[in-house]
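Those letters in the sequence shown? Residues 0 to 135, per numbering that gives the first Met the number 0, in order. From the three backbone atoms N, C-alpha and C, an ideal C-beta is built for every residue, glycine too. Since the structure comes first, as structure tokens, the remarks are kept for the end.
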Amino acid sequence: MENDMRKNSIKNTRINGEVQRELSNIIHNEIKDPRIHPMTSVVTVEVAPDLKTCKAYISVLGDEKAQQDTIAGLKSAEGYIRRELAHTVNLRNTPEIRFILDQSIEYGVRMSRLIDEVNAGLEDGGDEDEENLSEQ
């Protein structure tokens with residue numbers, strides 16, 4: 000039983016990776032919808048064990064409108080994307096895809112910028128603090 004679960008887990012991980020790779024390829028090379036931002040990434044894919052559904056976490060480096068437009072464009076192209084996946088990924092069922100906006104990359108970039116700003120402020124203002132301490 001435990002061995003079956005591990006086998007399923009390994010198989011599921013392989014399927015997730017394959018679907019993610021193909022989905023990314025389809026989005027970048029096949030879909031011509033102008034709503035889909037060029038800086039769109041498939042962050043991760045979670046295919047259900049029964050292969051009926053799939054959550055695709057999508058990152059869009061753009062403003063909120065670009066993000067919403069991209070998700071809308073992907074949702075409208077879902078039928079086409081599923082047909083393309085059926086041709087390229089050998090699965091018993093082609094899963095129904097749910098596109099979910101993933102803002103973790105954008106959040107990381109924003110945090111990195113804030114940290115850089117704080118560090119730059121410390122470097123600029125650090126000398127004044129040292130002078131104040133030496134005067135006391």
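Where the alpha helix (DSSP H) through residue i begins and ends
{"i": "Lys64", "result": "63-75"}
Closest residue to residue i among the options (Cα-Cα distance)
{"i": "Asp62", "options": "Asn15, Glu29, Glu105", "result": "Glu105"}
{"i": "Gln19", "options": "Lys74, Ile80, Ser75", "result": "Ile80"}
{"i": "Thr93", "options": "Ile35, Leu100, Ala85", "result": "Ala85"}
{"i": "Lys51", "options": "Asn24, Thr87, Gln66, Arg97", "result": "Arg97"}
{"i": "Thr39", "options": "Asn28, Glu116, Ile114", "result": "Asn28"}
{"i": "Pro48", "options": "Val42, Pro37, Thr12, Ile70", "result": "Thr12"}
{"i": "Val88", "options": "Asp32, Val46, Leu60", "result": "Val46"}
{"i": "Lys31", "options": "Val44, Cys53, Thr69, Lys10", "result": "Thr69"}
Endpoints, the beta strand (DSSP E) within which residue i is located
{"i": "Ala47", "result": "Counting along the chain, Ala47 falls outside any beta strand (DSSP E), and DSSP gives it neither H nor E."}
{"i": "Glu95", "result": "95-100"}
Buried or exposed (CB count within 10 angstroms, at least 16 for buried), residue i
{"i": "Ile14", "result": "buried"}
{"i": "Val156", "result": "Examination of residue 156 is not possible in this model, given that the chain is present from 0 through 135 alone."}
{"i": "Leu132", "result": "Low per-residue confidence applies at Leu132: pLDDT is 49, beneath 50, and the placement is therefore not dependable enough to give any value."}
{"i": "Ser58", "result": "buried"}
{"i": "Glu76", "result": "What sits at residue 76 in the sequence shown is Ala, not Glu. Buried: at least 16 other Cβ atoms inside 10 Å."}
{"i": "Leu73", "result": "buried"}
{"i": "Glu95", "result": "exposed"}
{"i": "Ser83", "result": "Before going further, note that residue 83 is Glu rather than Ser in the sequence given. So Glu83 ends up on the buried side."}
{"i": "Ile114", "result": "exposed"}
{"i": "Ile35", "result": "buried"}
{"i": "Ile9", "result": "exposed"}
{"i": "Val117", "result": "exposed"}
Three-state secondary structure (DSSP) of residue i
{"i": "Lys10", "result": "helix"}
{"i": "Ile26", "result": "helix"}
{"i": "Ile114", "result": "helix"}
{"i": "Ile80", "result": "helix"}
{"i": "Val88", "result": "coil"}
{"i": "Ile104", "result": "helix"}
Integer Cβ distance of residue i from residue j, believed to fall under 8 Å
{"i": "Ala55", "j": "Leu22", "result": "6 Å"}
C-beta neighbour in chain D for residue i, strict 8 Å
{"i": "Glu122", "result": "Absent from the structure is chain D; it holds one protein chain and no more."}
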